[in-house]
Each structure stands twice: as C-alpha cells, then as structure tokens.
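*Asks:* Supplied in structure tokens, the structure appears directly below.
There are 2 protein chains.
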Amino acid sequence: MELSGSPGTWSGLSLRLGQFLFAAASVCVMSSAIGFANYTAFCYLIASMGLQALWSLGLACLDGYALRMKKELNSAVLVSLFVVGDWVTSILSFAASCSAGGVVVLFDKDAYFCSRDPHLPCGTFELATAFAFLSWALSATSALVMFWLLLHLD
Amino acid sequence: MELSGSPGTWSGLSLRLGQFLFAAASVCVMSSAIGFANYTAFCYLIASMGLQALWSLGLACLDGYALRMKKELNSAVLVSLFVVGDWVTSILSFAASCSAGGVVVLFDKDAYFCSRDPHLPCGTFELATAFAFLSWALSATSALVMFWLLLHLD
Numbered sequence: 001m002e003l004s005g006s007p008g009t010w011s012g013l014s015l016r017l018g019q020f021l022f023a024a025a026s027v028c029v030m031s032s033a034i035g036f037a038n039y040t041a042f043c044y045l046i047a048s049m050g051l052q053a054l055w056s057l058g059l060a061c062l063d064g065y066a067l068r069m070k071k072e073l074n075s076a077v078l079v080s081l082f083v084v085g086d087w088v089t090s091i092l093s094f095a096a097s098c099s100a101g102g103v104v105v106l107f108d109k110d111a112y113f114c115s116r117d118p119h120l121p122c123g124t125f126e127l128a129t130a131f132a133f134l135s136w137a138l139s140a141t142s143a144l145v146m147f148w149l150l151l152h153l154d
Numbered sequence: 001m002e003l004s005g006s007p008g009t010w011s012g013l014s015l016r017l018g019q020f021l022f023a024a025a026s027v028c029v030m031s032s033a034i035g036f037a038n039y040t041a042f043c044y045l046i047a048s049m050g051l052q053a054l055w056s057l058g059l060a061c062l063d064g065y066a067l068r069m070k071k072e073l074n075s076a077v078l079v080s081l082f083v084v085g086d087w088v089t090s091i092l093s094f095a096a097s098c099s100a101g102g103v104v105v106l107f108d109k110d111a112y113f114c115s116r117d118p119h120l121p122c123g124t125f126e127l128a129t130a131f132a133f134l135s136w137a138l139s140a141t142s143a144l145v146m147f148w149l150l151l152h153l154d
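As structure tokens, then:
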C-alpha cells in the first residue's frame, strides 16, 4: 500500500517543501520585526523554525533525489531516523509556536502593548506565529505518516 | 507481557494519581495568584489542567475499581478510548504549559515585570507552570503506554 506523504513520493516532497516554506517564512518575518530579540519566546521561535527549515529542506532534497533516481526510501534504518527526527522537530515546533502564541495574545489582548505602543510590530509577530503553526501542522502530519510507515514496514 | 503503567495495575493507578495531583496543584496554585485572570495564558492553563485533573481522577477511580474487583481493562474499545483521551489531554496540557511558560519567562526575564511590580505574584505563576509541566510529563507517559498497548492488543 502506498501511503501519501511517504518519503520518495511526490506527496512526500510537497509536504516537506510546505514545511520548509512556512518555517522559512516564519523565520524571515520574525527576523524583520524590530526588537524581536528582546523577547525570549520569539528568539526560541526563530531557533526552532530554523531547525525545522533545515530538516525539511534536507529531507526534501532526499525525496527529490529518490524521485529522480527512482529509488525506494523504505529501509528500516532510514524510516527510524525519519521518525525520530520528525517527532523531535515537530515537538520543538509545537512548543515554540505555543509559547510565541501565548506572548502574542498577552501583547494584543491582555496588556494592550499593541495599542499603547505603536512602534511594536504586533502584526509581524502574529504573522510569524501563524506561519510557525502552519509549519508545525505539516510537520506533525509527516511525523504521523512516518510512524505509520515504521509500524507497517515488515 | 505486563507493561507498567497499563490500566488496572498499581503502576497505572499511581501514574494517574500523579497526574491528578500535579494538575490539581497547578490549578490551586494558579487560582491563588492574585490577578491571574488578567492573562489569557494563565486562564487557559487553569482550564486545561482542570480537564487533565478530571480525566486522570476518573481513570484513577476506574483503575482502583479494576484492582479491587480483580478485573482486566484490556478490551479494544476501552483502550482505544483511553488512547484518544490521553492524547487529547496531553496535547492540550503541553500547549497550556508552553504558553504559560512563554508568558512567565517574558514577565521574569524580558520585561522585568517581576522586579518592577512587587505585587505581581511571579513565584506563584512559576510554581503553577512547573506543576503543569510535571503533570504533562506523566500524561505523555500514559499516552505512550496506552498507544503501545493498543498496538499489541491482538
């Protein structure tokens, strides 16, 4: 049975590219916000999304190579490696998205920083957090698909 | 094979009681902090930890009943129900802990609210968040054990 999202397929490649694009967009948008470095949660978001982007780009290249060379990427060692990497990156991404989301909600709704200080780039923070959540959603999909593959490998 | 932490065993019962105690401690500590209701992340922490405490208490009662009546709780329907419930509560707990953690770090390290405003109960917020992380760790253990049981049920 061919599961959509498996490594070495077109659906897997597009899933990886989607993760990479959203994570890279989150890093770029957050880096463009003035004063993000004053907030630990936003620095952690950049670190975690940077890791996610590198991991997804690497696996996207591997998928592209496997598609071009018509190779299978279904060995137990490779799939186990993908499972561990995907679970670690998606848990880190989720933690980063949630903590950044908590801070953004605090700025916007609780402490009224955004309406009081017009220089604070609240919209930019929100956009970066939204991209991080999208990247996490795709990464969690990949992690589930990989785990399913590992269970049905034999 | 008897896996420690399965429903209807002493280890399962102690895991559930641990989750319940940490979640209830988190709710009590956070509710005792003056002004927590001004912060969305802390309200969400209380809601999520309340759900976790109810769920864990319910399953602890079920474990105690099964131990007393010497019943097995290994039917496929029950274990599937436990898996879904455990995964949902542990994901919600993790999200609540991370967003509260982001806000606590912001208060303490980034915005210096804690040193500027001596009336803000920062230590109490930190303690409640730490209890929430502990409750999540036990809940994640339960979720993994239940998933393992579901896979090896047949």
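Chain order of the listed sequences is A and B.
For what it's worth, the UniProt record's numbering labels the leading residue of the first sequence as 1, then goes sequentially.
For what it's worth, the UniProt record's numbering labels the leading residue of the second sequence as 1, then goes sequentially.
Every residue, glycine too, gets a C-beta built ideally from N, C-alpha and C.
Helix, strand or coil: how does DSSP classify residue 3 (chain B) here?
*Replies:* The answer is coil: DSSP assigns residue 3 (chain B) none of H, G, I, E or B.
*Asks:* Just to confirm before moving on: does the CB-CB distance between residue 30 (chain A) and residue 20 (chain A) stay below 8 angstroms?
*Replies:* Taking 8 angstroms as the Cβ cut-off, residue 30 (chain A) and residue 20 (chain A) do not qualify as a contacting pair.
*Asks:* Between A:95, A:62 and A:150, which lies nearest to residue 14 (chain A) when the distance is taken from Cα to Cα?
*Replies:* Measuring from the Cα of residue 14 (chain A), the nearest candidate turns out to be A:62.
*Asks:* Specify, as a first and last residue, the run of the alpha helix (DSSP H) that residue 90 (chain B) falls within.
*Replies:* 76-105 is the extent of the alpha helix (DSSP H) around residue 90 (chain B).
*Asks:* Kindly indicate which residue of A:23, A:27, A:12 and A:140 has the alpha-carbon position closest to the one of residue 87 (chain A).
*Replies:* When each option's Cα is compared against that of residue 87 (chain A), the closest is A:140.
*Asks:* CB-CB under 6 angstroms to residue 59 (chain A), same chain, minus the five flanking residues each way: which ones, in chain order?
*Replies:* Around residue 59 (chain A): 16.
*Asks:* Leaving out five residues before and five after residue 187 (chain A) in sequence, what residues of the same chain have Cβ atoms less than 8 angstroms from its Cβ?
*Replies:* The shown model of chain A, from 1 to 154, leaves out residue 187 (chain A), and the question about it has no answer.
*Asks:* Look at the alpha carbon of residue 27 (chain A) and the alpha carbon of residue 69 (chain B), and state the distance between them as a whole number of angstroms.
*Replies:* Their backbone Cα atoms lie some 56 angstroms apart in a straight line.
*Asks:* Spell out whether any CB of chain B is found under 8 angstroms from the CB atom of residue 112 (chain A).
*Replies:* Chain B contact via Cβ: absent.
*Asks:* Residues of the stretch 105-129 of chain B with a CB closer than 7 angstroms to any CB of chain A: list them in chain order, please.
*Replies:* Answer in chain order: 105, 106, 109 and 110.
*Asks:* Between the C-alpha atoms of residue 145 (chain B) and residue 110 (chain B), what's the straight-line distance to the nearest angstrom?
*Replies:* Each residue's Cα considered, the two are about 38 angstroms apart.
*Asks:* By the criterion of Cβ-Cβ separation under 8 angstroms, what are the contact partners of residue 100 (chain A) in chain B?
*Replies:* Chain B residues near residue 100 (chain A): 102.
*Asks:* Are the stretch 6-13 of chain A and the stretch 101-118 of chain A touching, with three or more C-beta to C-beta distances below 8 angstroms?
*Replies:* As far as the Cβ criterion goes, the stretch 6-13 of chain A does not touch the stretch 101-118 of chain A, which means the pair count is below three.
*Asks:* What are the boundary residues of the alpha helix (DSSP H) that includes residue 126 (chain A)?
*Replies:* First-last of the alpha helix (DSSP H) with residue 126 (chain A): 122-151.
*Asks:* For residue 83 (chain A), I'd like the list of residues in its chain whose CB is within less than 6 angstroms of its CB, leaving aside the five on either flank, ordered along the chain.
*Replies:* 146, 147 and 150.
*Asks:* Can you list, in chain order, the residues of the stretch 29-53 of chain A whose Cβ is nearer than 7 angstroms to any Cβ on chain B?
*Replies:* Correct list: 38, 39, 40 and 41.
*Asks:* Which residues bound the alpha helix (DSSP H) around residue 53 (chain A)?
*Replies:* 40-69 is the span of the alpha helix (DSSP H), which, as asked, contains residue 53 (chain A).
*Asks:* Am I right that residue 37 (chain B) and residue 135 (chain B) are in contact with their C-beta atoms under 8 angstroms? What's the rounded C-beta distance?
*Replies:* In fact, because the Cβ distance is near 21 angstroms, the residues do not count as touching under 8 angstroms.
*Asks:* What does the alpha-carbon distance come out to for the pair residue 77 (chain B) and residue 153 (chain B)?
*Replies:* One C-alpha to the other measures close to 11 angstroms.
*Asks:* Could you tell me how far apart the beta carbons of residue 93 (chain B) and residue 132 (chain B) are, in whole angstroms, since I believe they sit closer than 8 angstroms?
*Replies:* Right, the Cβ-Cβ distance comes to about 7 angstroms (below 8 angstroms), so this counts as a contact.
*Asks:* Can you list the residues of chain B that residue 95 (chain A) reaches, using a CB-CB cut of under 7 angstroms?
*Replies:* The contacting residues are 98.
*Asks:* If you reduce the DSSP assignment to three classes, tell me which class residue 111 (chain B) lands in.
*Replies:* The answer is coil: DSSP assigns residue 111 (chain B) none of H, G, I, E or B.
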